[in-house]
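Trainee: The numbering of the sequence shown is our numbering, which starts it at 1 and goes up by one.
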Amino acid sequence: MPASTPKVSVVLPFYNAEKTLSIALQSIADQNFSDWECIMVDNNSKDRSRDIAAGWEGIDSRFRLVEEPRQGVMFASNRGCEFARGAYVARMDADDLARPGRLRQQSEFLDSHPGYGAVAGLVTHVGDPETTGGFKRFVEWSNSLVSYEDIYKRRFIEAPIVNPTAMWRRETMEQYGLYRSGEFPEDYEMWLRWLHQGVRIAKVPEVVLDWNDSPGRLTRTHPIYSDRAFFQIKSQYLALWLSENNPYHPVVWVWGASRISRRRARLLETEGIRIDTYVDTKKSRQLDRELLYYKELPQAGTGFILTYIRQMDNREKIQAFLEERGYVEGKDYLLVS
1 MPASTPKVSV VLPFYNAEKT LSIALQSIAD QNFSDWECIM VDNNSKDRSR
51 DIAAGWEGID SRFRLVEEPR QGVMFASNRG CEFARGAYVA RMDADDLARP
101 GRLRQQSEFL DSHPGYGAVA GLVTHVGDPE TTGGFKRFVE WSNSLVSYED
151 IYKRRFIEAP IVNPTAMWRR ETMEQYGLYR SGEFPEDYEM WLRWLHQGVR
201 IAKVPEVVLD WNDSPGRLTR THPIYSDRAF FQIKSQYLAL WLSENNPYHP
251 VVWVWGASRI SRRRARLLET EGIRIDTYVD TKKSRQLDRE LLYYKELPQA
301 GTGFILTYIR QMDNREKIQA FLEERGYVEG KDYLLVS
């Protein structure tokens with residue numbers, strides 16, 4: 001690459017973000033790593049956001065303003081990546097704040113780990129704990145996944161990566177594609193697709209972003225981020241994984257016989273997976289499938305278990321129970337939700 005080409009391109013789409021955009025851009029300007037450019041993508045803003053971005057472009061030539069007329073963060077993000085010149089591409093949202101060491105830490109990780117296609121990082125949750133408790137719990141869970149192995153194994157519980165913390169190689173996006181449009185959360189689909197296709201992803205074990213969980217965040221308001229949208233795309237990629245890794249394919253056992261667990265698990269049946277048995281802590285449920293009381297669960301080697309349990313504490317207890325019985329995560333069972 002020419003010497004003038006920046007090492008890292010930060011892609012930052014924005015829409016009506018006049019209240020937060022300057023703070024987000026300032027956090028990029030304040031990085032303790034200078035070999036970057038920032039592609040600011042105006043996605044049809046009606047407020048002063050574009051003027052703010054243009055002002056930064058005038059002050060520092062590393063900031064570049066482009067436009068995307070098709071409405072949606074997926075289109076705007078992909079548009080920004082088209083203009084990115086760096087060897088590495090980092091995502092950023094207009095209402096978040098990057099910690100000063102973010103770009104340096106993540107680019108150094110990719111420099112020293114050539115076998116990895118992308119890297120993310122930990123986040124600090126910013127929001128009202130009384131109204132955004134669910135996101136706070138998600139952040140705690142996400143921050144517990146740092147290694148590739150944990151991200152790979154736990155990706156069917158929730159999205160294992162906070163999208164605006166991600167940085168990837170140019171070759172990764174060119175080979176495996178970027179965000180896709182559909183009735184699903186575009187970032188989660190991309191992580192599932194990349195992991196399924198063999199891309200190794202880890203996190204630097206440091207907080208790289210203050211993640212602002214505002215009431216108007218798209219993940220709260222847009223239907224493609226609904227629970228059902230998450231479960232549907234998750235089920236599609238889980239079924240693909242099972243077809244390649246479940247020795248009893250297409251048959252699985254599902255731990256969790258509540259109505260909610262059964263409803264989520266049944267999405268797998270539309271993907272060709274057959275639920276043969278439910279495992280539960282109660283003996284009295286009336287089901288149309290075999291019900292196995294958990295204490296009567298046989299030793300490993302007779303079936304593959306999916307644990308459709310949402311509560312983190314219960315998942316951990318079930319995992320400990322299965323490990324005591326000789327079950328190995330990824331071989332005999334998976335934690336899903």
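Where is the CB? At the ideal position from N, CA and C, for every residue including glycine.
Using 8 Å as the threshold, is the stretch 7 to 25 in touch with the stretch 42 to 49, meaning 3 or more CB pairs across them?
Mentor: Yes, the stretch 7 to 25 touches the stretch 42 to 49.
Trainee: Quick check on Thr-172: does DSSP put it in helix, strand or coil?
Mentor: helix
Trainee: Give every residue of the same chain whose Cβ lies closer than 6 Å to the Cβ of Asp-332, excluding the five residues on either side of it in the sequence, and list them in chain order.
Mentor: Ala-300
Trainee: Hey, would you say Arg-91 sits closer than 8 Å to Asn-32, going by beta carbons?
Mentor: Not closer than 8 Å, so no.
Trainee: Start and end of the beta strand (DSSP E) containing Glu-67?
Mentor: 63 to 67
Trainee: Three-state secondary structure (DSSP) at Thr-281?
Mentor: It is coil, neither helix nor strand.
Trainee: When you compare the CB positions of Gln-319 and Leu-335, do they come within less than 8 Å of one another, or not?
Mentor: yes
Trainee: Look at the alpha carbon of Glu-324 and the alpha carbon of Lys-295, and state the distance between them as a whole number of angstroms.
Mentor: In a straight line, the C-alpha of Glu-324 is about 12 Å away from that of Lys-295.
Trainee: Could you tell me which of Tyr-237, Lys-203, Val-139, Ile-157 sits nearest to Glu-189, measuring between CA atoms?
Mentor: Tyr-237
Trainee: With a threshold of 8 Å on Cβ separation, who are the neighbours of Ala-94 within its own chain once the five nearest residues in sequence on each side are excluded?
Mentor: Leu-12, Pro-13, Phe-14, Tyr-15, Ala-17, Thr-20, Leu-21, Ala-24, Ser-49
Trainee: Is Ser-112 near the ligand FAD, judged by its Cβ being under 7 Å from some heavy atom?
Mentor: As for the ligand FAD, it is missing from this structure, which has no ligand bound.
Trainee: Who are the near neighbours of Asp-340 in its chain, counting only those whose CB is closer than 7 Å to its CB and skipping five residues on each side?
Mentor: Here the chain comprises residues numbered 1 to 337, so residue 340 is not present and cannot be evaluated.
Trainee: Just to check my reading of the structure: Phe-230 and Pro-185 have Cβ atoms closer than 8 Å, yes? What is that Cβ distance to the nearest angstrom?
Mentor: 6 Å
Trainee: How should Asp-187 be labelled, buried or exposed, when 16 other C-beta atoms within 10 angstroms of its C-beta is the threshold for buried?
Mentor: buried
Trainee: Contact check, Glu-206 vs Gly-121 under 8 Å by CB: the rounded distance?
Mentor: 6 Å
Trainee: Any contact of the stretch 138 to 146 with the stretch 171 to 180, i.e. 3+ C-beta pairs under 8 Å?
Mentor: no
Trainee: Whole angstroms is fine: what's the gap from Arg-102's alpha carbon to Glu-290's?
Mentor: 51 Å
Trainee: The alpha helix (DSSP H) spanning Tyr-148 covers which residue range?
Mentor: 148 to 154 is the extent of the alpha helix (DSSP H) around Tyr-148.
Trainee: Let's see if you can read the secondary structure: which residues bound the beta strand (DSSP E) around His-113?
Mentor: No residue range can be given for His-113, since it is assigned to no beta strand (DSSP E) and is classified by DSSP as neither H nor E.
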